[in-house]
Amino acid sequence: MERLSILGATGSIGTSTLDVVSQHPDRYSVYAVTANTNVEKLAGIADAFNAKVAVVADKKLYGSLKEALKAGGCDAKAEAGADCIVGVAEDSHADTVVGAIVGAAGIRSSFAAAKAGKKLLLANKESVVCGGKVLMDLVRNSNALLLPVDSEHNAIFQCLRGATPLMKEKARIILTASGGPFLHRESLEDVTPEEATHHPNWSMGKKITVDSSTMMNKGLEVIEARWLFDVPQDRIEVIIHPQSIIHSMVEFEDNVVMAQLGSPDMRNTVAYCLAYPERINAGVAPLNFAKVRQLTFEEPNLKKFPLLALAYEALDRGGYACIRLNAANELAVEAFLAGKIKYTDIFKICEPMMLSAPSENPKKLEEIIEADEEARILATEFISGFIGE
Ligand code: NAD
Ligand code: MG
């Protein structure tokens, strides 16, 4: 029986994970679950999965979580605060940690799980974007097993299975992108939060859905792929594939391409990581090729979606530029969703924030956290200039 700690259990990836776990009660049990603020939902999950620990990030909600657990007759231990989430990530009672927190808030726990040598199912791409080489070195040195949950990286991981180091060294990565809801929309000036939070193919949390619509998500994924697979950015290509059936591809030296296909359902990638190196059923319907009918591709329009180009530039500039870009984007998306800034302001905020980053690389976790915190202060100040314009 494999024991899991699910960080971000109340979110979209958390829900997909719990769904797969519930289909395989003979293989997986849940040790701990965490959430940001939704104590009712967290307590419900702890109860349904018989978890031993439930952690809410917001310290002020400790009492409410305790009450919610008690009201449901659940005897899971209540904990509160970001440090307790880190504690859960390294807790020896769990074999596997699912990193499904959204944003840079997930960095510390990803590092903690890696340091503790866990099997780490990592959905929190922001930890890889900000952690970069520092995180990958830690994974290697502590014998952790990092399995990418992000569908593109999961696909690449599958395509690279069995490849020799030399084959990997010469391979090219082709990341597919749906193009999001505005692929063929003329002007993006008047996009509303309502429109930007509806993805044509995937059902996901709000932040990543907005990121998909601006193609910042693909930019973050280029950075993520650079570090996860140790491939320089000039060998990572993005191609628009609106059907989201091919989840990404790898082209080898002989120009033969391996692709991974499936329905756009994150339960597939979670199940793959959970069962690795085996496979288990995720409860996802098989692909019906006759219904899919066609798979199409087009070049990304970098003029219309400049955040994608900005991510490549951040990689060229170094680790601090990636941290800056990530933080600026997180805060800009938050401000956009709150109706404070325009959709097109997201780029206008990210670009100067990224360009003004120090051109070096952070060397340890503390420097990464410090850089993220500093970027948040700068971005908050900068965004205030856009509010009410
Ligand atoms: P979501 O918004 O649905 O869920 C986020 C989870 O994180 C929730 O449980 C929330 O309580 C928790 N959380 C939020 N802020 C927190 C904080 N400050 N401290 C602690 N916990 C906090 O997001 P999601 O769509 O499930 O995405 C989670 C991560 O997975 C993101 O990094 C995203 O990029 C990545 N991802 C998601 C998908 C998807 O299909 N949803 C696909 C690929 C990658
Ligand atoms: Mg993805």
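Using the numbering used here, the first residue of the sequence shown is number 63, and each one after it goes up by one.
Glycine is no exception: its CB is placed at the ideal position from the N, C-alpha and C atoms.
Integer Cβ distance of residue i from residue j, believed to fall under 8 Å
i: Leu364; j: Leu370; result: 6 Å
i: Ser171; j: Met328; result: Between Met328 and Ser171 the Cβ distance is about 19 Å, and since that is not below 8 Å, they are no contact.
i: Glu152; j: Ala174; result: 4 Å
i: Ala441; j: Met416; result: Going by Cβ atoms, the distance from Ala441 to Met416 rounds to 11 Å, so no, they are not a contact pair.
i: Arg89; j: Asp157; result: At roughly 11 Å, the Cβ-Cβ gap does not stay under 8 Å, so Arg89 and Asp157 are not in contact.
i: Leu184; j: Leu208; result: 6 Å
i: Leu349; j: Gly324; result: 6 Å
i: Val395; j: Asp273; result: 7 Å
i: Val201; j: Ser67; result: About 17 Å separates the two Cβ atoms, so there is no contact after all.
i: Gly149; j: Glu392; result: Their Cβ separation, rounded to whole angstroms, is 24 Å, which puts Gly149 and Glu392 out of contact at 8 Å.
i: Phe244; j: Ile301; result: Phe244 to Ile301, Cβ: 17 Å. No contact.
i: Ala113; j: Ala94; result: 6 Å
i: Thr96; j: Gly70; result: 7 Å
i: Pro368; j: Phe398; result: The pair is not a contact, with the Cβ atoms about 16 Å apart (cut-off 8 Å).
Buried or exposed (CB count within 10 angstroms, at least 16 for buried), residue i
i: Lys180; result: buried
i: Asp252; result: exposed
i: Glu286; result: buried
i: His309; result: buried
i: His303; result: buried
i: Ser446; result: exposed
i: Met311; result: buried
i: His246; result: exposed
i: Ser265; result: exposed
i: Arg288; result: buried
i: Met63; result: exposed
i: Gln316; result: It should be pointed out that residue 316 corresponds to Asp in this sequence rather than to Gln. By the 10 Å Cβ count, Asp316 comes out exposed.
i: Ala119; result: buried
i: Asn388; result: buried
i: Arg379; result: buried
i: Asn203; result: exposed
Under the three-state DSSP convention, the category residue i falls into
i: Arg297; result: helix
i: Glu443; result: helix
i: Glu141; result: strand
i: Ile342; result: coil
i: Gln220; result: helix
i: Gln305; result: coil
i: Val318; result: coil
i: Thr358; result: coil
i: Ala390; result: helix
i: Ser126; result: helix
i: Leu209; result: strand
i: Glu248; result: coil
i: Ile408; result: helix
i: Glu283; result: helix
i: Met415; result: helix
i: Lys132; result: helix
i: Val253; result: coil
i: Val332; result: helix
i: Ala156; result: coil
i: Ala337; result: helix
i: Ser421; result: coil
i: Ser265; result: coil
i: Gly324; result: coil
i: Val164; result: coil
i: Lys365; result: coil
i: Ala119; result: coil
i: Arg65; result: strand
i: Arg170; result: helix
i: Ala105; result: helix
i: Asp235; result: A small fix is needed here, since residue 235 is Ile in this sequence, not Asp. In this structure, Ile235 counts as strand in the three-state DSSP scheme.
Query raised in the report: With contact counted as at least three CB pairs below 8 Å, one residue from each stretch, are the segment 288-298 and the segment 365-379 in contact?
Result: yes
Query raised in the report: Taking contact to mean at least 3 C-beta pairs separated by less than 8 Å, is the segment 185-197 in contact with the segment 89-104?
Result: no
Requested in this report: Say whether the segment 122-133 touches the segment 383-391, bearing in mind that this needs 3 or more beta-carbon pairs closer than 8 Å, one atom from each stretch.
Outcome: no
Report task. Under 7 Å from any heavy atom of the ligand MG, by CB: list those residues in chain order, please. Result -> Here the list is Asp212, Ser213, Glu214, Asn279, Glu283.
Query raised in the report: Okay, do the segment 269-288 and the segment 324-342 touch, 3+ Cβ pairs below 8 Å being the bar?
Result: no
Report task. Check whether the segment 310-325 touches the segment 209-218, taking contact to mean three or more Cβ pairs, one atom from each stretch, closer than 8 Å. Result -> yes
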